[in-house]
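Report on the structure given below.
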Amino acid sequence: MLLSLGAEARIEKFGNMIVKQRIAKSYRSKVLDEKIRRTRTRSEASMIIKARRIGINAPKILEISEYEIKMEFINGMLIKDIIDKNLSHEIGVCIEKLHNYGIIHGDLTTSNMILKDDKICFIDFGLSFSSKRIEDRAVDMHLLKQVIFSTHENPDMLWKEIARGYEDKKILKQIENIEKRGRYAKKILEI
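Anchor point for the sequence shown: position 24 equals 35 in the working numbering, and the numbering is continuous, going up by one each time.
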């Protein structure tokens, strides 16, 4: 069953397995396209494996080929549909753990988190990469903050709990700096 057909990948479900296949881009040279798809496939699988190794719930990788990852299907509830104060705190704890081990998710949204057996499972590491830079960690968190404030009720409370769970004050301060840069750029565009 086709779950998603995006710009980067086709995602299908077969029983208890998800198959994520990176789509060829006709506008790129064949050699470059194959290299990009192969690299991104390996990188995503590597980040999922690393996340699981450090104790973060993520899909179990079943098989990796050049442009395809077969992984377990996570049967649970999307966090975007059930987020509350307690889940928000736990989200912050989990993200800080990812960041402390140098994993930048790259697409931290409540649609990429599933609650299964009372545990938060992170999915879709397609944009993830390794970094310990404060800026990269803050940008990762800033995206989540934007999602919280644009799509959820009680965003102030939810974000406060995520930040309480995250704890790293340097990162939280850097998020404020990112927001100031955004407001400054917006003012310049208005002039």
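Virtual Cβ for every residue (Gly too), placed ideally from N, Cα, C.
Quiz item: For Gly137, which option in Met12, Ile90, Arg21 has the closest C-alpha, if you only look at C-alpha atoms?
Solution: By 1-based counting over the sequence shown, the position of residue 137 is 126. Closest by alpha carbon: Arg21.
Quiz item: Anyone know if the C-beta pair for Glu121 and Val150 falls short of 8 Å?
Solution: For the purposes of this step, residue 121 is identified with residue 110 of the sequence shown, where counting begins at 1. For the purposes of this step, residue 150 is identified with residue 139 of the sequence shown, where counting begins at 1. Correcting the residue type first, residue 121 is Thr in the shown sequence and not Glu. No, Cβ-Cβ distance for Thr121 and Val150 is not below 8 Å.
Practice problem: Check whether the Cβ atoms of Ile90 and Ile125 sit closer than 8 Å, and answer yes or no. | Solution: Taking the sequence shown and counting its residues from 1, the one referred to as residue 90 is at position 79. Taking the sequence shown and counting its residues from 1, the one referred to as residue 125 is at position 114. Yes, Cβ-Cβ distance for Ile90 and Ile125 is below 8 Å.
Self-check item: Sheet register partners of Ser99 (DSSP bridge)
Solution: The sequence position of residue 99 within the sequence shown is 88, counting from 1. Paired residue(s): none; Ser99 is not in a bridge.
Quiz item: Looking at the structure shown, is Ala18 part of a helix, part of a strand, or coil, going by DSSP?
Solution: Counted from its first residue, the sequence shown places residue 18 at position 7. Ala18 falls in the coil class under three-state DSSP.
Quiz prompt | Reference Arg48; option with closest CA among Glu79, Arg64, Ser57, Ile67 | solution = For the purposes of this step, residue 48 is taken as the residue at position 37 of the sequence shown. Measuring from the Cα of Arg48, the nearest candidate turns out to be Glu79.
Exercise. Within the same chain, show all residues whose beta-carbon is closer than 8 Å to that of Gly66, passing over the 5 residues directly before and after it, in chain order.
Key: Residue mapping note: residue 66 aligns to position 55 of the sequence shown, counting from 1. So the qualifying residues of the chain are Lys108.
Quiz item: In chain order, which alpha helix (DSSP H) runs of at least 4 residues are fully inside the segment 166-191?
Solution: 166-177
Quiz prompt | Own chain, CB closer than 8 Å to Glu19, minus 5 neighbours either side, in chain order | solution = To locate residue 19, count along the sequence shown from 1; it is residue 8. Closer than 8 Å at Cβ, skipping near neighbours: Arg33, Ile34, Arg51, Gly137.
Quiz item: Which ranges would you report for the alpha helix (DSSP H) in the segment 56-110 if only whole runs of at least 4 residues count?
Solution: 90-93
Quiz item: Beta carbon of Ile93, beta carbon of Tyr177: below 8 Å?
Solution: For this step, residue 93 is matched to residue 82 along the sequence shown. For this step, residue 177 is matched to residue 166 along the sequence shown. Their beta carbons are not under 8 Å apart, which means Ile93 does not touch Tyr177 by this criterion.
Quiz item: Tell me, which residues are paired with Met28 by DSSP?
Solution: As a first step, residue 28 must be located in the sequence shown, where it is residue number 17. Its beta-bridge partners are Phe25, Glu83.
Quiz item: Given that a residue counts as buried once 16 or more other Cβ atoms are within 10 Å of its Cβ, and exposed if not, what is Glu172?
Solution: By one-based count along the sequence shown, residue 172 stands at place 161. Glu172 comes out buried.
Quiz prompt | Minimum C-alpha distance to Asn97 - residue among Ile59, Ile131, Asp179, Asp44 | solution = Here residue 97 is taken as the residue at index 86 of the sequence shown, counted from 1. Asn97 has its Cα closest to that of Ile131, out of Ile59, Ile131, Asp179, Asp44.
Practice problem: May I ask you to list the residues that DSSP assigns as paired with Lys127? | Solution: Position 116 of the sequence shown, counted from the start, is the residue given in the question as residue 127. Beta-bridge pairing links Lys127 to Lys130.
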